[in-house]
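Asks:
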Amino acid sequence: MMKPNELLEEAKTLQPQLQKWRRTIHRNPEVGFDLPKTKALVKQALTEMGYAPQDCGRAGVLALAGGKRPGKTILLRGDMDALPIFEESGEVFASEVPGKMHGCGHDMHTAMMLGAAKLLKEHEEEIEGTVKLEFQPAEEIFQGSPDMISNGLLENPKVDAAVMFHVLAGMPLPLGEVLVPGGGITMASCEQYHIVVHGKGGHGSMPENCIDPITAAAHIHIALQEINARELSQNDFGVLTTGRFAAGAASNVIPDTAEMWGTIRTTDPDNKTGAFIRQRMTEISEGVAKTFRCTAEVEFSDYCPCMMVDKALAQDAMTYMTDLLGKGAMDMAPLTGGKPGGGSEDFAFVSHEVPTVSMFLACGSPERGYRYGQHHPKVRFDDSVLWEGSAAYSYFALRWLEGHR
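Mind the numbering: the sequence shown is residues 1 to 405 in full-length UniProt numbering, read in order.
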């Protein structure tokens with residue numbers, strides 16, 4: 001296998017193309033499974049490299065590198081979907097699609113993966129096994145991974161280990177530093193909820209003739225906070241967030257319904273804490289609604305499990321990234337206090353099937369003008385380190401396969 005410094009130098013030569021791919025994808029953000037332009041770009045690029053990309057599930061793409069020598073199979077993942085938010089970054093290549101934005105860096109991931117594909121194709125004779133390249137849709141709605149898994153992602157050939165990178169912005173980290181988790185549960189599970197409160201609408205001047213669902217919903221929102229404050233043990237991690245509240249369409253009308261949407265996050269691999277929260281949310285919502293003469297419906301959907309990082313694979317990651325980047329790799333445990341993060345990632349579905357590691361690449365600190373983090377309308381990512389991400393993806397695959405022949 002080629003030396004780390006040689007791979008880095010080769011990756012640097014790809015930087016102009018990586019940046020072009022990233023910025024093209026950024027200008028044309030697509031969400032969920034509806035990714036025709038992004039998918040077409042990925043498949044065309046892979047085909048031009050000499051791959052035979054295959055569709056997987058509703059909008060996923062797979063390609064295989066290597067396979068000419070016997071060995072194991074490692075999966076590399078890059079997600080492709082954007083977020084349904086209006087961009088305010090001020091970048092010259094900002095979104096040209098109103099209400100959609102690559103605010104989580106998936107455009108960076110896709111470009112880095114294409115760069116890794118290029119490097120791996122050029123060194124295909126050296127691959128001691130097979131590298132499966134996954135371009136995934138619908139990460140933001142936690143549906144992309146299960147869809148691709150159910151359509152054969154981890155089979156033909158059977159995957160033995162899986163790797164993902166995620167870019168980070170708005171954090172005080174040196175540009176290009178790779179953070180490696182120590183293993184175990186590293187990210188929380190996540191589940192969506194939707195509460196609909198039914199009342200009786202009418203004229204705003206005559207509330208006595210109405211049953212106001214907004215009042216009931218507001219009290220439900222406040223009451224739900226007591227689950228964390230008074231009902232969970234100090235040893236249980238649970239975050240309940242209402243991110244959207246909607247009711248009515250006019251200032252002088254009491255509406256018939258009020259609605260709330262949000263998320264539940266826990267770090268319980270058996271989801272017992274989540275089950276308790278769901279039970280109490282339902283009881284509280286229905287009980288409070290009844291107090292105000294309303295009724296409430298509570299629905300839960302789109303469950304994503306905790307991210308499980310394999311400890312042996314995490315140790316490999318630290319070794320490989322240190323060898324490749326020197327001081328550009330660090331253990332992220334001191335930053336988190338050894339505790340799981342509250343964010344969620346749908347690659348967690350893969351982590352419950354095969355040994356998995358999720359790493360992070362620093363792409364802009366507040367000191368350098370990158371003040372906002374993921375999912376903010378003003379978030380920016382420094383794409384000058386795309387080449388490093390491509391090198392990290394490809395080096396990890398080459399090194400792991402060589403060490404596990």
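Cβ coordinates follow ideal geometry from the N, Cα and C atoms, glycine included.
#1: Considering Q15, what are the terminal residues of the alpha helix (DSSP H) in which it resides?
#2: Measure the beta-carbon distance from H180 to M321 and round it to whole angstroms, keeping in mind my assumption that it falls under 8 Å.
#3: Hey, would you say E134 sits closer than 8 Å to L41, going by beta carbons?
#4: Please list, in chain order, all residues of the same chain as residue 411 whose beta carbon is under 7 Å from its beta carbon, the five residues on each side excluded.
#5: Quick one: complete beta strand (DSSP E) runs, 3+ long, within the segment 60-104?
#6: Going by CA-CA distance only, name the one from M2, H26, H219 that's closest to F381.
#7: If you check the beta carbons only, do Q44 and M80 fall under 8 Å apart?
#8: Going by DSSP, name the residue or residues bridged to H166.
#9: Alpha carbon to alpha carbon, how far is V350 from D268? Give it in angstroms, no decimals.
#10: Work out the CA separation of A117 and G66 for me, nearest whole Å.
#11: Would DSSP call D160 helix, strand or coil?
#12: Under a Cβ-count criterion, where at least 16 other Cβ atoms within 10 Å of its own Cβ denotes burial, should P255 be classed as buried or exposed?
#13: Using the three-state DSSP reduction, which class does L119 fall into: helix, strand or coil?
#14: What's the gap between the Cα of D310 and the Cα of S233?
#15: Would you check if the segment 13-33 and the segment 99-116 touch, i.e. whether three or more CB-CB distances between them fall below 8 Å?
#16: Which residues does DSSP list as the beta-bridge partners of T257?
#17: Please name the residue in T273, D270, R293, G389 whose C-alpha comes closest to that of G328.
#18: Which runs of the beta strand (DSSP E) at least 3 residues long sit entirely within the segment 123-149? Give them in chain order.
#19: Could you tell me the alpha carbon to alpha carbon distance between L46 and G90, rounded to whole angstroms?
#20: For the alpha helix (DSSP H) that contains R280, what are its first and last residues?
#21: Would you kindly work out how many angstroms separate the C-alpha atoms of P84 and F360, rounded to a whole number?
#22: On the criterion of 16 or more Cβ atoms from any shown chain inside 10 Å, does G144 qualify as buried, or is it exposed?
#23: Can you tell me which of the three DSSP states D383 falls into?
#24: Name the two residues that bound the continuous beta strand (DSSP E) containing D302.
#25: Compare the C-alpha of T356 against each of F165, N252, A188, Y372 and name the closest.
#26: As a quick exercise: from H106, D236, R69, C56, pick the residue whose alpha carbon is nearest that of E128.
#27: Considering only residues of the same chain and omitting the five flanking positions on each side of D212, which have a CB-CB separation below 6 Å?
#28: Look at the alpha carbon of E367 and the alpha carbon of M187, and state the distance between them as a whole number of angstroms.
#29: Measuring CB to CB, does V288 end up less than 8 Å from H219?
#30: Just the Cα atoms here: how many angstroms apart are E226 and G238?
#31: Is the closest heavy atom of the ligand ZN to the C-beta of A45 under 7 Å?
#32: Is the separation between the beta-carbon of A11 and that of L119 shorter than 8 Å?
#33: Leaving out the 5 sequence neighbours to the left and right, which residues in its chain are closer than 7 Å to Q19 when beta-carbon positions are compared?
#34: Just confirm the distance between the C-beta atoms of D331 and G183, as a whole number of angstroms; I'd bet it's less than 8 Å.
#35: Between which two residues does the alpha helix (DSSP H) holding I222 run?
#36: With DSSP run on the structure shown, which of helix, strand or coil describes T267?
Replies: According to the structure data:
#1: Q15 -> alpha helix (DSSP H) spans 15-27.
#2: Reading the sequence as shown, one finds Val at residue 180 and not His. Their Cβ separation, rounded to whole angstroms, is 6 Å, which keeps V180 and M321 in contact under 8 Å.
#3: Contact: no.
#4: This structure does not reach residue 411, given that the chain is present from 1 up to 405, and the question cannot be answered.
#5: Runs of the beta strand (DSSP E) inside the segment 60-104: 60-66, 72-79.
#6: Closest in C-alpha terms to F381, from the list M2, H26, H219, comes H26.
#7: At the C-beta level, Q44 and M80 stay beyond 8 Å of one another.
#8: Partner(s): F360.
#9: The alpha-carbon atoms of D268 and V350 are separated by roughly 17 Å.
#10: Computed Cα separation, rounded: 11 Å.
#11: Reduced to three states, the DSSP call for D160 is coil.
#12: Taking every protein chain shown into account, the CB of P255 has 16 or more other CB atoms within 10 angstroms, so this residue is buried.
#13: The answer is helix: DSSP assigns L119 an H, G or I state.
#14: Here the alpha carbons of S233 and D310 stand approximately 27 Å from one another.
#15: The segment 99-116 and the segment 13-33 touch, with no fewer than 3 CB-CB distances between them shorter than 8 Å.
#16: The partner list for T257 (beta bridge, DSSP) reads H198.
#17: Here the closest residue by C-alpha is G389.
#18: Along the length of the segment 123-149, whole beta strand (DSSP E) runs at least 3 residues long occupy 129-136, reported in chain order.
#19: Taking the straight line from one Cα to the other gives about 31 Å.
#20: Start and end: 272-291.
#21: Straight-line spacing of the CA atoms in P84 and F360 works out to 23 Å.
#22: By the neighbour-count definition (other C-beta atoms within 10 Å, threshold 16), G144 is a buried residue.
#23: If DSSP states are grouped into helix, strand and coil, D383 belongs with the helices.
#24: Its beta strand (DSSP E) spans residues 295-304.
#25: It is F165.
#26: Distance from the Cα of E128 is smallest, within the candidate group H106, D236, R69, C56, for R69.
#27: Closer than 6 Å at Cβ, skipping near neighbours: G199, I254.
#28: The straight-line gap from Cα to Cα measures roughly 27 Å.
#29: In contact: V288 and H219 (Cβ atoms closer than 8 Å).
#30: Straight-line Cα distance between these residues: approximately 12 Å.
#31: The ligand ZN is absent from the structure shown, which contains no ligands of any kind.
#32: In this structure, A11 lies near L119, with their beta-carbon atoms less than 8 Å apart.
#33: Same-chain partners within the cutoff: D383, L386.
#34: In fact, because the Cβ distance is near 11 Å, the residues do not count as touching under 8 Å.
#35: For I222, the uninterrupted alpha helix (DSSP H) run begins and ends at 213-226, by DSSP.
#36: Three-state result, T267: coil.
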